[in-house]
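Engineer: Just so you know, the sequences run in chain order E and F. All residue numbers for the first sequence refer to the numbering used here, where the first residue is 22 and numbers rise by one. All residue numbers for the second sequence refer to the numbering used here, where the first residue is 42 and numbers rise by one. Heads up, the beta-carbon is just placed ideally off N, CA and C, and yes, glycines get one too. The structure displayed is predicted, hence computed values, not measured ones.
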Amino acid sequence: MTGTAALAGRDRAEGRRMGIWRLEWLRLVRTPRALALCVIYLAFGLIEPVSTKYSAQLVHRLAPGVRITLPPVTPAAGISSYVSNAGQIGLIIVVVIAAGAFSFDSRRGLATFLRTRVSGMWQLVGPRFAVSTLAAIVAYLLGTLAAWYETTLLIGHLPAGEIAAGILCGSVYLAFAVAVTGAAAAVARGTLATVGLAVAVLLLLPLVGTFRAVHDWLPSTLVAAPVDLLTGSHLSGFLPALGVAVAAGALALALAVNRLSAREI
Amino acid sequence: MPGALLGAELSRPFRLPPHLLAALVPVLILFAALTIFCLVDLYRAESVRGLPKIAWALIIVLVSWPIGALVYLFAGRDRGRPRRPTPQPAAGASGTSGAIGTAGTGAGSRAAPAADAGVPETDHAGPGAVPATSVRAATAGQPAVPGDAPEHSRPVVTTTDLTRDYGGTGLFDVGLRVPDGCIYGLVGPNGAGKTTLLSILSGIRRADRGSVTWSIDRSQIAVCPDVPEFDGWLTGYEIVDLARSLVAPESGRQDVLAALRAAGLAEDADRRVSGYSRGMVQRLGLACALVGDPRLLILDEPTSALDPAGRADILNLVAAMRGSRTVIFSSHILADVQRIADRVGILRDGRLLYQGATGDLIDTYLRPAWLVRIAGQADQVAAAITDQPWATRVELAGADSIRVDAVTIEAGERGIPAAIAACGARQVSCEPVAADLESAFLALTSSVAGEAS
Numbered sequence: 022m023t024g025t026a027a028l029a030g031r032d033r034a035e036g037r038r039m040g041i042w043r044l045e046w047l048r049l050v051r052t053p054r055a056l057a058l059c060v061i062y063l064a065f066g067l068i069e070p071v072s073t074k075y076s077a078q079l080v081h082r083l084a085p086g087v088r089i090t091l092p093p094v095t096p097a098a099g100i101s102s103y104v105s106n107a108g109q110i111g112l113i114i115v116v117v118i119a120a121g122a123f124s125f126d127s128r129r130g131l132a133t134f135l136r137t138r139v140s141g142m143w144q145l146v147g148p149r150f151a152v153s154t155l156a157a158i159v160a161y162l163l164g165t166l167a168a169w170y171e172t173t174l175l176i177g178h179l180p181a182g183e184i185a186a187g188i189l190c191g192s193v194y195l196a197f198a199v200a201v202t203g204a205a206a207a208v209a210r211g212t213l214a215t216v217g218l219a220v221a222v223l224l225l226l227p228l229v230g231t232f233r234a235v236h237d238w239l240p241s242t243l244v245a246a247p248v249d250l251l252t253g254s255h256l257s258g259f260l261p262a263l264g265v266a267v268a269a270g271a272l273a274l275a276l277a278v279n280r281l282s283a284r285e286i
Numbered sequence: 042m043p044g045a046l047l048g049a050e051l052s053r054p055f056r057l058p059p060h061l062l063a064a065l066v067p068v069l070i071l072f073a074a075l076t077i078f079c080l081v082d083l084y085r086a087e088s089v090r091g092l093p094k095i096a097w098a099l100i101i102v103l104v105s106w107p108i109g110a111l112v113y114l115f116a117g118r119d120r121g122r123p124r125r126p127t128p129q130p131a132a133g134a135s136g137t138s139g140a141i142g143t144a145g146t147g148a149g150s151r152a153a154p155a156a157d158a159g160v161p162e163t164d165h166a167g168p169g170a171v172p173a174t175s176v177r178a179a180t181a182g183q184p185a186v187p188g189d190a191p192e193h194s195r196p197v198v199t200t201t202d203l204t205r206d207y208g209g210t211g212l213f214d215v216g217l218r219v220p221d222g223c224i225y226g227l228v229g230p231n232g233a234g235k236t237t238l239l240s241i242l243s244g245i246r247r248a249d250r251g252s253v254t255w256s257i258d259r260s261q262i263a264v265c266p267d268v269p270e271f272d273g274w275l276t277g278y279e280i281v282d283l284a285r286s287l288v289a290p291e292s293g294r295q296d297v298l299a300a301l302r303a304a305g306l307a308e309d310a311d312r313r314v315s316g317y318s319r320g321m322v323q324r325l326g327l328a329c330a331l332v333g334d335p336r337l338l339i340l341d342e343p344t345s346a347l348d349p350a351g352r353a354d355i356l357n358l359v360a361a362m363r364g365s366r367t368v369i370f371s372s373h374i375l376a377d378v379q380r381i382a383d384r385v386g387i388l389r390d391g392r393l394l395y396q397g398a399t400g401d402l403i404d405t406y407l408r409p410a411w412l413v414r415i416a417g418q419a420d421q422v423a424a425a426i427t428d429q430p431w432a433t434r435v436e437l438a439g440a441d442s443i444r445v446d447a448v449t450i451e452a453g454e455r456g457i458p459a460a461i462a463a464c465g466a467r468q469v470s471c472e473p474v475a476a477d478l479e480s481a482f483l484a485l486t487s488s489v490a491g492e493a494s
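1) Might you give, ordered along the chain, the residues of its own chain that have their beta carbon closer than 7 Å to the beta carbon of E:Thr262, omitting 5 neighbours on each side?
2) In the DSSP assignment, what residue or residues form a beta bridge with F:Ser256?
3) Using beta carbons (cut-off 9 Å, strictly below), is E:Gln109 in contact with chain F?
4) Between the C-alpha atoms of F:His373 and E:Leu162, what's the straight-line distance to the nearest angstrom?
5) Are three or more beta carbon pairs between the segment 311–328 of chain F and the segment 343–363 of chain F nearer than 8 Å?
6) With E:Ala219 and E:Ala156 assumed to form a contact (beta carbons below 8 Å), what rounded beta-carbon distance in angstroms separates them?
7) Within the 9 Å Cβ cut-off, does F:Phe370 reach chain E?
8) Beta-carbon of F:Glu87 versus every beta-carbon of chain E: anything under 9 Å?
9) Assess contact between the segment 381–398 of chain F and the segment 413–421 of chain F, defined as three or more Cβ pairs (one per stretch) separated by less than 8 Å. Is contact present?
10) For F:Leu388 and F:Leu227, which I take to be in contact (beta-carbon distance under 8 Å), what is that distance rounded to the nearest angstrom?
11) Exposed or buried, what is F:Arg125 when buried is set at 16 or more other beta-carbons lying within 10 Å of its beta-carbon?
12) Indicate whether the contact test is met: 3 or more Cβ pairs, each with one atom in the segment 221–235 of chain F and one in the segment 373–387 of chain F, closer than 8 Å.
13) F:Gly91 to E:Arg233, Cα distance in whole Å?
14) Closest to F:Leu347 by C-alpha separation, out of F:Ala304, F:Gly277, F:Lys235 and F:Val288, would be which residue?
15) So E:Val80 is in the alpha helix (DSSP H); what residue range does that whole segment cover?
16) Given the structure, does F:Ile95 come close to the ligand ATP, in the sense that its CB is under 8 Å from one of the ligand's heavy atoms?
17) Between which two residues does the alpha helix (DSSP H) carrying E:Ser102 extend?
18) Going straight from the alpha carbon of E:Gly40 to that of F:Tyr207, what length do you get?
19) Following the continuous beta strand (DSSP E) through E:Ile89, name the residue where it begins and the one where it ends.
20) Using DSSP with H/G/I as helix, E/B as strand and the rest coil, what is F:Glu472?
21) Along the chain, where does the alpha helix (DSSP H) that runs through E:Trp143 open and close?
22) So if DSSP puts F:Glu436 in a beta bridge, which residue, or which two residues, is it bridged to?
23) Spell out whether any CB of chain F is found under 9 Å from the CB atom of E:Pro134.
24) Between the C-alpha atoms of F:Ile101 and F:Val314, what's the straight-line distance to the nearest angstrom?
25) Just tell me which of F:Phe370, F:Gly117, F:Ala382 and F:Ser194 has its CA closest to the CA of F:Glu87.
26) Tell me which residues share the same chain as E:Tyr62 and place their Cβ nearer than 7 Å to its Cβ, disregarding the 5 neighbours each side in the sequence.
27) If we call anything under 9 Å between Cβ atoms a contact, is F:Leu437 one with F:Ala484?
28) Could you tell me how far apart the beta carbons of E:Ala120 and E:Asp126 are, in whole angstroms, since I believe they sit closer than 8 Å?
29) Decide yes or no for the touch test of the segment 130–147 of chain E against the segment 86–95 of chain E: beta carbon pairs closer than 8 Å, at least 3 of them.
30) I need the boundaries of the beta strand (DSSP E) containing F:Ala410, first residue and last residue.
31) Contact between the segment 166–174 of chain E and the segment 61–79 of chain E is defined here as three or more beta-carbon pairs at a separation below 8 Å; is this criterion met?
32) Check each residue of the segment 245–271 of chain F: if its Cβ is closer than 7 Å to any Cβ of chain E, include it; give the result in chain order.
33) Between the segment 194–214 of chain F and the segment 248–256 of chain F, are three or more C-beta pairs nearer than 8 Å?
34) By Cβ distance below 6 Å, which residues in the same chain neighbour F:Ile461 in space, the five residues on each side in sequence not counted?
35) By the criterion of Cβ-Cβ separation under 8 Å, what are the contact partners of F:Ala116 in chain E?
36) Do we get a CB-CB distance below 9 Å when we pair E:Ala246 with the residues of chain F?
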């Protein structure tokens, strides 16, 4: 029978009706997006503490004549190395993935399909923000747990409370970064331009943070929170940055919805 | 010995510190899992990009762990192909099952969508199937003849002085009136403003001034752009189901299947869209538009990417909607418009030059013409007819044939035989030249251009 396989496929699909949320889930799992996120964060989490612990030995093995004296490795240094890479390369991957989801207007046919069928722009922006953020947080969580495991095993004990607080701060920052990417997609139409704009904004924040008066209020402060919390800082010190990140993220999403609604195709 | 692993590339042996092996185990597991995933994916893939499968397998296994696997994931994986290929229908299969009129795939093997009307769905849906969906109802019966739609029925959409100025081009003072249940063809040369007008009606662009008045709810409007685009990693079924979930969440699987069947994509429903041809994507766009059972369908160049057979199918499908829903479609293929549209709007340079019944346009803007065959040489007869006051144009169409244009049908029908008789010639035949929309369009646009100059 000609349509047997097709019918079987439909039977499979019968229990899983499509919707805008499932669309975002499939965007993650049917493309390398989810895999790339998890592999990148996990790889940093697993490798960075090892390289931190044995950096002196590795350098010594590769260049026997060179003598390098490094301070004693602390557990915080293991996490710091992970946070440093995850906060840069990992963040860029998150932005690229979020930009791919938000920049639906870069293809006129797709934009027409979506825009003429939704009741409001939030119906498109909301699931894209939520699923991209969730994926980024899960990857970040996996990476941090991997770094925690490696650091504890090789370097020393890390307190669970501070690690959990660090994950919270990092997750809020990732949600803020995804929201900024959404706003960037509402300003720039193409995916590449969206990535460029979002990365520029996110990289500009640490520069602004060099001014002491605003440092504690900037969302970018949250990137280093997992390390700072291990070296004496308290979660309450990050409350201003957390508040600003949540407020600015909500503002960025509102801007995205507003500008995307106003945009013509 | 594990302790020698890290030192293998170095001159002296290197022993792993006590906890390093335990620390490296998760890394090794991650890399191994990635490699196994890639190898399984490669094995299951119907095709890969760039290199043969064996080459990719070697890259995954041999190139520095796990870079080879990552290179495969991003460069070699062909996500456009289905993992489990859908069997194509056997030759001649399309006619064997009375249940599915659209058994073919792609060009050449599609049955006319109208053919599946009224046929029970026992083959596909089983005993508990919904007997007939709204989409099927809309495609029931043979295509109606253009002109069937009520001329004076309540308009679905009316525009008043609709203007969108792009600095000299765009749309100017357009007053569109689309009666309920009609097939409205919007024609005009490139840049005439067709897409701008349809975009404003669709709500994806705004007018500078003027108004659009609807007599139906905006949720009852479906739009299919001239170049539909979809996420290539979804199947055709999933995309139509997504459209259903957005516009008609209360409807079900049968509506999705009916829309896919109506568009001739039933057999390709489980293929990923990135493997679809341009024509199939166009059909998918139409299926997405149909699934919500809209009252008004806005189609921008719906046949532009289709082969002749596919074009005929889609035109039949659209024509079959006459009376059950309103369709506004733009096309630069005037024959298509003439074939199915009962009302036509002609746009040029952003202005609506004509709007009315297709037949009226032809009657109004086409001078009646006849092809007259004479026994013997036609020169003398042609010269005699040229002198007649009712003849607007006379030209030889061969040694024994003349094409004669007259001011009115009556003048030609009376005058031509009389003129031939006066010459003493013998008439073999006198046939009216078929009037078509293209000629009317050219006559209309040239007359307007003449008035303007």
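Structural biologist: Per the coordinate set shown:
1) In the sequence on display, residue 262 of chain E carries Ala and not Thr. Asp237, Trp238, Leu239, Pro240, Thr242 and Leu243, listed in sequence order.
2) Answer is none; F:Ser256 lacks a bridge partner.
3) no
4) 56 Å
5) yes
6) Their Cβ separation, rounded to whole angstroms, is 16 Å, which puts E:Ala219 and E:Ala156 out of contact at 8 Å.
7) no
8) no
9) no
10) 6 Å
11) At F:Arg125 the pLDDT is 42, less than 50, meaning the model places this residue with poor confidence; the figure from the coordinates comes in the next sentence. Classification for F:Arg125: exposed.
12) yes
13) 53 Å
14) F:Ala304
15) Arg54 to Leu83
16) Within the structure as shown, the ligand ATP is missing, as the structure has no ligands at all.
17) Pro96 to Asn106
18) 37 Å
19) Looking at the DSSP string, E:Ile89 is not in any beta strand (DSSP E), and its letter there is neither H nor E.
20) strand
21) Trp143 to Leu175
22) F:Arg444
23) Note on residue identity: the sequence assigns Phe, not Pro, to residue 134 of chain E. It does: the Cβ of E:Phe134 has a partner Cβ on chain F nearer than 9 Å.
24) 27 Å
25) F:Gly117
26) Ala107, Gly111, Ala160, Tyr161, Leu163 and Gly164
27) no
28) Actually they do not touch by this definition, with Cβ atoms about 12 Å apart.
29) no
30) Ala410 to Ala416
31) yes
32) Ile245, Arg246, Arg247, Val264, Pro266, Val268, Pro269, Glu270 and Phe271
33) yes
34) Val422 and Gln468
35) Result: empty, since nearest Cβ-Cβ is about 10 Å, beyond 8 Å.
36) no
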